[in-house]
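Enquirer:
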Amino acid sequence: MSAQKPSIPRGTRDFGPQQVARRNYIFGTIRRVFEKFGYAPLETPTMENLSVLTGKYGEEGDQLLFKILNSGDFAKDVTAEDLAAGAKKVLPKVAEKGLRYDLTVPFARYVVMNRNLLTLPFKRYQIQPVWRADRPQRGRYREFVQCDADVVGTTSLLCEAEIVLMIDEVLSTLGLTDFTIKINHRGVLSGIYQALGGVGSEPDLFVAIDKLDKIGVEGVSNELRQRGFTDEAIEKVFNYLEVDGSFEEKLTQLRTAFGADGVLADATAGPAKGLTDLEQVQGYLQDFGFENFQRLDFDVTLARGLSYYTGCIFEVKVNNVQMGSISGGGRYDNLTGAFGMPGLSGVGFSFGVDRIYDVLEELQLFPEGAVSAPLCLIANFDQEGRATVLPLLRQMRNAGLAAELYPEVSKLKKQFEYADKRGIRYMLLAGPDERAAGLVKLRDMRAGTEVTLPSGEVISRLLELSAEQR
RNA sequence: GUAGGUAUAGCUCAGCUGGUUAGAGCGUCGGAUUGUGAUUCCGAAGGUCGUGGGUUCGAGCCCCAUUACUUACCCCA
31 MSAQKPSIPR GTRDFGPQQV ARRNYIFGTI RRVFEKFGYA PLETPTMENL SVLTGKYGEE
91 GDQLLFKILN SGDFAKDVTA EDLAAGAKKV LPKVAEKGLR YDLTVPFARY VVMNRNLLTL
151 PFKRYQIQPV WRADRPQRGR YREFVQCDAD VVGTTSLLCE AEIVLMIDEV LSTLGLTDFT
211 IKINHRGVLS GIYQALGGVG SEPDLFVAID KLDKIGVEGV SNELRQRGFT DEAIEKVFNY
271 LEVDGSFEEK LTQLRTAFGA DGVLADATAG PAKGLTDLEQ VQGYLQDFGF ENFQRLDFDV
331 TLARGLSYYT GCIFEVKVNN VQMGSISGGG RYDNLTGAFG MPGLSGVGFS FGVDRIYDVL
391 EELQLFPEGA VSAPLCLIAN FDQEGRATVL PLLRQMRNAG LAAELYPEVS KLKKQFEYAD
451 KRGIRYMLLA GPDERAAGLV KLRDMRAGTE VTLPSGEVIS RLLELSAEQR
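Start counting the first sequence at 31; every next residue gets the next number (the working numbering).
1. Grab me the residues of G221's own chain with a C-beta within less than 6 angstroms of its C-beta, minus the 5 sequence neighbours each way, in chain order.
2. Please work out which residues of its chain come closer than 6 angstroms, Cβ to Cβ, to E253, disregarding the five sequence neighbours upstream and downstream, and give them in chain order.
3. Checking 8 angstroms against the spacing of the C-beta atoms, do Q312 and F277 come in under that value?
4. Have a look at A125 and K118 and give me their C-alpha separation to the nearest angstrom.
5. Closer than 7 angstroms by C-beta to L113: which residues in its own chain qualify, once you throw out the five before and the five after it? Chain order, please.
6. Tell me which same chain residues have a C-beta within less than 6 angstroms of the C-beta of V175, skipping the five on either side of it?
7. DSSP three-state label for S528, please.
8. Starting from R334, follow the beta strand (DSSP E) in both directions and report where the run begins and ends.
9. Bridge partners for G378 per DSSP, in chain order?
10. Inspect the CB distances between the stretch 394-409 and the stretch 351-365 and report whether three or more fall short of 8 angstroms.
11. Mapping the DSSP letters down to three states, classify N410 as helix, strand or coil.
12. Any chance the stretch 453-462 sits against the stretch 470-481, with 3 or more Cβ pairs inside 8 angstroms?
13. Would you mind sorting P421 into buried or exposed? The rule is 16 or more other CB atoms within 10 Å of its CB.
14. Would K347 and T210 qualify as a contact pair, given that the criterion is a beta-carbon distance under 8 angstroms?
15. F320: which of Q48, L195, E173 sits nearest, CA to CA?
16. Can you tell me whether D44 is helix, strand or coil according to DSSP?
17. Among I60, S186, D261, which residue has its Cα nearest to the Cα of F381?
18. Using only the alpha-carbon positions, how far apart do M353 and I193 sit?
19. Taking 7 angstroms as the limit between beta carbons, can you name the residues of its chain near R53, skipping five residues before and five after?
20. Decide if A432 is buried, meaning its Cβ has at least 16 other Cβ atoms within 10 Å, or exposed.
21. For V160, write down the residues that DSSP places opposite it in a beta bridge.
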């Protein structure tokens with residue numbers, strides 16, 4: 031048997047002890063905030079039936095689904111004609127399950143299946159990995175964890191305001207200060223489209239203006255022109271995109287412009303609803319005493335693709351770091367419609383932990399403590415010492431101290447190197463000399479200092495030292 | 001799916017217009033130091049140069065194919 035080079039699928043990663051500790055630090059921060067705001071945890075299976083997943087993410091999304099080959103003789107129902115007809119015909123016969131692509135669709139499925147048990151409004155959070163058969167690149171993985179929080183069964187804009195508060199709190203707690211929470215409303219975008227008087231297609235418009243910060247005015251103009259928008263329409267689009275000033279000022283300018291273009295006829299829907307919604311969210315935030323309005327940016331160009339959002343939409347960008355959005359979300363009015371339960375409104379958002387990790391690493395914002403190592407290593411001098419050292423080790427653990435004995439008798443140099451590399455702060459030396467005197471030596475590896483003390487006092491001393499570290 | 005780039009030791013990379021036995025740093029292991037690490041010194045192990053073919057007297061280097069990785073686009077967290 032020839033030795034093969036081991037590998038993992040591209041776009042996936044191993045996480046070593048330090049990385050796991052750091053990821054847990056991020057998960058913990060997010061979880062605590064979600065729970066403080068009243069969200070309850072939910073977990074769903076890694077795999078879903080393909081019928082649940084397909085058609086929910088558009089044609090491109092379907093291609094990015096990982097499908098799971100049926101067990102047993104998966105090819106037994108495939109005919110020669112199927113093969114000739116291509117993958118589309120063969121797929122449903124060989125695969126009936128797939129890996130979850132996001133957490134929102136499984137959540138919708140869960141809500142529909144449990145509609146009789148749920149008390150509305152239902153607030154849930156979910157922290158689980160998702161899989162996409164994408165081409166990996168910077169900040170883009172094929173297996174990554176999403177942290178979603180959604181409320182369904184209420185149209186209250188209080189939820190939107192609280193989302194802003196949660197995003198701000200999580201990112202601030204993680205040490206980030208320079209980030210922008212972008213907010214917009216699908217109604218506002220629709221208003222811009224309606225103001226054009228029926229030129230081009232609405233999705234084309236949204237996709238194009240979403241790229242403004244990336245490809246600039248020129249790029250967006252070209253793209254719109256290619257998509258059949260007239261120069262006149264394009265000019266009008268940019269008039270809207272150039273609204274400027276504070277949150278209130280932008281709202282006022284848009285209201286005036288929309289009024290002039292006659293798209294505010296229905297005061298309870300579309301553009302008018304968009305403006306009043308945003309106004310109200312801002313009002314709630316003021317009532318909450320939200321301090322960081324400088325981080326909240328009403329961005330008319332924010333569109334978030336072609337997804338199912340119908341109301342407010344959010345996206346968070348860390349400034350001065352080359353990284354896509356680390357959080358995003360919005361309100362949807364018909365999430366569960368595809369599963370036969372129409373008219374259920376909800377709003378939710380998601381943190382991309384893997385991207386947050388990359389950002390924190392780049393900005394060196396991980397705290398020192400986010401490493402897991404035992405507090406103390408007991409040196410192993412000889413077999414005879416075990417009668418002294420093993421009871422001591424047991425007592426340390428019973429006292430709640432993380433400790434270990436170097437598993438084999440070997441040169442002290444090696445044991446010291448081991449402690450050093452693992453980041454173990456204290457080393458306990460109980461060799462023949464110390465044992466004869468009923469003493470132990472405790473070495474602080476960081477300071478390089480040693481103290482000798484009666485073996486009966488070690489545990490209380492270590493407890494003091496570990497308390498100091500917090 | 002589209003377009004580039006890269007592939008040499010466990011890791012990060014040198015390797016001249018094609019020329020004899022492919023190098024360094026870090027890491028690993030051993031020793032200086034049989035009871036003291038992170039700084040010193042000495043030594044050792046470790047590579048069929050991603051894979052297959054071609055050109056050539058001769059290929060790590062040139063050509064073709066292939067695979068993997070990577071960056072950007074599309075899309076997205």
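Quick reminder that beta carbons are idealized off the backbone N, C-alpha and C, glycines included.
Expert: Checking against the coordinates, here is how it stands:
1. For G221, same chain residues with a beta-carbon under 6 angstroms away, outside a window of 5 residues either side, are F288, V293, P301 in chain order.
2. A238
3. Yes.
4. Rounded to the nearest angstrom, the two C-alpha atoms are 11 angstroms apart.
5. Beyond the five residues adjoining it in sequence on each side, L113 comes within less than 7 angstroms, by CB distance, of V120 in the same chain, given in chain order.
6. If you ignore the 5 residues before and after V175, its C-beta comes within less than 6 angstroms of the C-beta of P159, V383, all in its own chain and listed in chain order.
7. As displayed, the chain neither begins before 31 nor continues past 500, which places residue 528 out of reach and without an answer.
8. Where R334 is concerned, there is no enclosing beta strand (DSSP E), given that its DSSP letter is neither H nor E.
9. Answer by DSSP bridge pairing, in chain order: D180, G360.
10. Cβ pair count under 8 angstroms is below three, so no.
11. Of the three classes helix, strand and coil, the one that applies to N410 here is coil, per DSSP.
12. yes
13. Here P421 is exposed, its C-beta having fewer than 16 other C-beta atoms within 10 Å.
14. yes
15. L195
16. coil
17. I60
18. For M353 and I193, the distance between alpha carbons rounds to 21 angstroms.
19. Residues of the same chain with a CB within less than 7 angstroms of the CB of R53, apart from the 5 flanking positions on each side, are F45, V383, Y387 in chain order.
20. exposed
21. F174
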